[in-house]
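Residue numbers (my numbering): 397 to 713. Heads up, the beta-carbon is just placed ideally off N, CA and C, and yes, glycines get one too. Beneath this line is the structure, given in structure tokens, with notes to follow.
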């Protein structure tokens with residue numbers, strides 16, 4: 397990397413902060429490539445925190461091509477050098493198989509280590525492990541307590557997860573009003589998944605009065621930010637004219653998009669479109685294939701619909 401004279405005079409931590417400004421567009425135009433190069437320079441000069449930043453760039457393709465193996469290596473290096481955020485990120489790699497083989501037990505251990513050192517997001521991740529039995533035995537009460545702790549410390553994902561606990565009665569008594577309040581808080585603080593959940597509250601009247609227009613707007617916002625559940629939910633709005641004018645062709649397009657991204661409910665809904673010619677031409681063979689696919693992934697409605705196909709003799713010819 398070529399640096400100008402001013403950059404040569406900066407401390408590694410200052411170079412990192414300059415990179416952060418370019419990455420986020422703070423006081424200058426956003427320039428992710430420049431941010432990446434500055435992180436690289438700061439890391440080269442021994443700034444450990446920047447090794448974690450550089451790993452993040454490789455993981456998500458910020459200013460460089462995605463390289464999950466390189467991301468894992470750098471998280472590991474930063475973690476071994478004592479960066480506590482990198483310990484948490486290394487846990488995510490182990491949990492999800494990012495640049496390495498999945499190792500849920502190791503992920504749980506790393507989250508525990510990072511949480512013990514004060515990483516708030518690691519407290520949330522540890523809660524997830526207890527809720528879902530990732531690398532440890534399920535313990536919903538412990539999960540709730542950890543989500544609550546992380547939420548109180550400001551982790552927006554924990555606020556959303558705590559909302560889920562209150563909605564489902566996971567580790568605590570069910571409280572839909574509390575769930576609604578937490579989804580709203582997390583959504584307002586920028587959690588895109590909470591935006592979708594907040595939309596559900598208005599759609600179904602969870603902890604608040606039903607508001608179809610508001611639910612549509614929230615699903616649209618979350619869908620535009622890439623939440624797959626929200627893409628399917630938005631399609632439902634278009635199919636039935638919920639909060640927006642009915643548009644079956646648009647519903648079909650959105651079901652297709654969500655199905656291609658792996659949403660099992662969307663796969664079932666797409667099958668329905670093909671079966672009945674909703675927003676597309678009828679194609680019972682394609683409908684059967686999709687019902688079968690969604691059923692194999694565990695969607696109860698799809699299992700029922702597949703049974704009807706066999707019962708009525710509309711299985712693939």
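For residue 446, the enclosing alpha helix (DSSP H) has its first and last residue at 444-456. Contiguous alpha helix (DSSP H) elements confined to the stretch 676-703 occur at 680-692, taking only those with 4 or more residues. Burial check for residue 621: the Cβ neighbour count within 10 Å stays below 16, so the residue is exposed.
Rounded to the nearest angstrom, the Cβ distance from residue 448 to residue 479 is 5 angstroms, consistent with a contact under 8 angstroms. The DSSP-derived three-state label of residue 483 is helix. Contact check for residue 670 against residue 657 fails: the beta carbons are separated by 8 angstroms or more. Taken atom to atom, the span from the alpha-carbon of residue 646 to that of residue 654 is near 12 angstroms. For residue 494, no alpha helix (DSSP H) run applies, since DSSP gives it neither H nor E. Taking the Cα of residue 512 as reference, the smallest distance to any Cα among 500, 483, 680 and 661 is reached at 483. Per DSSP, the unbroken alpha helix (DSSP H) holding residue 671 starts and ends at 660-672. Judged by DSSP secondary structure, residue 515 falls outside any alpha helix (DSSP H); it is assigned neither H nor E. Sorting 537, 557 and 494 by C-alpha distance to the C-alpha of residue 521 places 557 at the top.
Residue 590 and residue 709 have their C-alpha atoms roughly 42 angstroms apart.
Between residue 458 and residue 505, the gap from beta carbon to beta carbon reaches 8 angstroms or more. Annotation for residue 689: 663 place their beta carbon closer than 7 angstroms to its own, counting only its chain and skipping 5 residues before and after. For residue 629, the closest alpha carbon among the candidates 602, 604, 593 and 420 is that of 593. Annotation: the continuous alpha helix (DSSP H) that includes residue 593 extends over 588-600. Here residue 472 is buried: its Cβ has 16 or more other Cβ atoms, across all protein chains shown, within 10 Å. The three-state secondary structure of residue 632, taken from DSSP, is helix. DSSP, read as helix, strand or coil, puts residue 642 in coil. Straight-line measurement puts the Cα of residue 500 at about 26 angstroms from the Cα of residue 444.
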